[in-house]
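Chemist: Structure provided below as structure tokens; questions to follow.
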Amino acid sequence: MSLMGLHALEYVKEAWVYGFSYRKFLILKTFLPHLQLKRFKLDQPISAEAVLIVWGMQPVPLVLQHVKTLIRVEDGFIRSIGLGAAFNSPISWVFDDLGMYFNTQVESRLERLLNQHDFSAKECAEAKILQQHLISQKLSKYNLKTKQFTDFPTISAQQKILVVGQVEGDASIQYGSPHIKRNLDFLAKVRQLCPEAYLVYRPHPDVSAGWRKDGLDLAQAQHYANVIRTEGDITDWLDWADEVHVMTSLTGFEALLRGKSVVCHGLPFYSGWGLTHDIYAIARTKRPLQLEELIAGALILYPQYRSLLNQRHPQYRSLLNQRHPQITATQAIEELVILKNKNKINWLGWLQPFMKY
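Numbering (UniProt numbering), first residue to last: 1 to 357.
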């Protein structure tokens with residue numbers, strides 16, 4: 001088990017859990033099977049020496065604020081096949097005992113790792129292999145099943161820019177984009193900066209699927225974007241674009257992996273390291289990084305991965321005999337490819353926490 005955000009759990013037998021739905025609580029058990037996890041109730045006294053695990057940026061109740069060890073949990077950067085909003089089961093979560101990677105108000109464990117870790121040649125080599133695997137297998141955070149789409153704009157004389165929308169109420173906008181909060185303002189800013197470019201606006205997949213709203217009036221958006229597109233795989237759109245503009249979207253990181261120019265209008269975790277064009281700067285100092293160092297930190301060292309394959313998978317059976325049944329980033333990617341090719345994820349997302357191995 002990595003020490004990144006989980007060192008506090010190495011030497012304890014139990015932890016309290018707050019802000020997790022019952023389903024997420026069951027999934028948490030598969031990441032931390034060695035721990036006795038207790039769901040917090042308001043009438044339960046908790047020692048200051050206890051470990052508290054909280055989902056996302058949930059506010060900690062007053063009765064828990066005396067607890068010394070707080071670990072926040074969120075989805076990893078390679079999450080699943082299908083949207084989390086559609087209850088598809090995650091293959092990776094991040095555990096952060098300092099902050100949260102999208103909250104720029106405080107240093108996160110990821111930021112400290114990227115600033116201080118002495119990346120080895122082995123880690124960088126593994127990162128390069130992982131990068132190539134992600135590109136060749138067309139993998140992204142959600143790996144959505146899309147119909148074949150070939151109607152990409154054929155543009156020769158203009159710069160092609162992909163503008164990536166987000167869910168406006170998302171925590172990453174609230175905590176990571178201090179200047180621009182609305183998709184329409186974001187799109188207008190891109191058009192102001194690039195008046196002659198061909199802009200394709202891509203709404204967030206949760207919005208396209210109808211799970212959430214992004215607050216964007218499409219009629220107004222058409223004043224700034226040449227086209228608005230929900231069709232097609234995001235990796236194909238990244239291949240199409242010359243440049244990608246984001247607020248805090250993980251798509252900007254995925255664009256970096258593919259060698260694209262990325263302009264950040266917010267303060268995502270991958271900005272500020274000399275790899276992106278940043279409209280705004282974070283106050284804290286960041287050292288320059290090579291792309292493989294960023295990949296190693298964000299995809300190999302920071303997240304925790306787990307197997308989604310069932311008991312017939314020999315690797316997973318052997319992992320169950322270990323104290324911490326985690327798998328590596330490379331193994332996680334290999335599993336996602338298997339599941340993606342077999343189209344087996346929706347039912348697995350619901351049943352996996354209940355399976356007996």
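Using N, Cα and C, we set each Cβ at its ideal position, and we do this for glycine too.
Nothing here was measured: the structure is a model prediction, and the numbers come from that model.
(1) Use the C-beta contact count for Pro45: other C-beta atoms within 10 angstroms, 16 or more gives buried, fewer gives exposed.
(2) With Tyr175 as the anchor, note down where its alpha helix (DSSP H) starts and where it stops.
(3) From Asp96 to Ala197, what does the alpha carbon distance come to, in whole angstroms?
(4) Please state whether DSSP places Glu10 in a helix, a strand or coil.
(5) Give the range of the alpha helix (DSSP H) segment to which Ser249 is assigned.
(6) Would you check if there are 3 or more beta carbon pairs closer than 8 Å linking the segment 15–31 to the segment 51–60?
(7) Could you give the DSSP three-state label for Ile53: helix, strand or coil?
(8) For Pro303, which beta-bridge partners are listed by DSSP?
(9) Among Ala255, Leu162, Leu139 and Arg287, which residue has its Cα nearest to the Cα of Arg79?
(10) At which residues does the beta strand (DSSP E) containing Glu74 begin and terminate?
(11) State the CB to CB distance for the pair Pro162 and Val244, rounded to an integer number of angstroms; the pair is presumed to be in contact (CB under 8 Å).
(12) I'd like the list of long-range same chain contacts for Tyr11, defined as Cβ closer than 7 Å, with 5 residues on each side in sequence excluded.
(13) Could you spell out the range, first to last residue, of the alpha helix (DSSP H) harbouring Cys194?
(14) In whole angstroms, what separates the C-alpha of Val94 from that of Ala15?
(15) Can you tell which of Val190, Ser136 and Val200 has its C-alpha closest to the C-alpha of Pro153?
(16) Under 8 Å between the Cβ atoms of Thr248 and Leu267?
Modeler: For this structure:
(1) Under the 10 Å beta carbon count, Pro45 is surrounded by fewer than 16 other beta carbons and is classified as exposed.
(2) Following the DSSP letters along the chain, one finds Tyr175 inside the alpha helix (DSSP H) bounded by residues Ala171 to Gly176.
(3) Rounded to the nearest angstrom, the two C-alpha atoms are 39 Å apart.
(4) Glu10 sits in coil when the DSSP states are folded into three classes, being neither helix nor strand.
(5) Here Ser249 belongs to no alpha helix (DSSP H), and DSSP marks it neither H nor E.
(6) Contact check between the segment 15–31 and the segment 51–60: three or more CB pairs, one atom from each, fall below 8 Å, which counts as touching.
(7) In the structure shown, Ile53 sits in a strand (DSSP, three-state: E or B).
(8) Val94.
(9) The shortest Cα separation from Arg79 among Ala255, Leu162, Leu139 and Arg287 belongs to Leu139.
(10) Boundaries of the beta strand (DSSP E) around Glu74: Thr69 to Asp75.
(11) The sequence given here places Leu at residue 162; Pro does not occur at that position. Correct: roughly 5 Å between the Cβ atoms.
(12) If the five residues before and after Tyr11 are omitted, its C-beta is found closer than 7 Å to no C-beta atom of its own chain.
(13) Neither: Cys194 is in no alpha helix (DSSP H) and is coded neither H nor E.
(14) The straight-line gap separating the alpha-carbon atoms of Val94 and Ala15 is approximately 16 Å.
(15) When only C-alpha atoms are compared, the closest one is Val200.
(16) Leu267 sits close to Thr248, with the two beta carbons spaced by under 8 Å.
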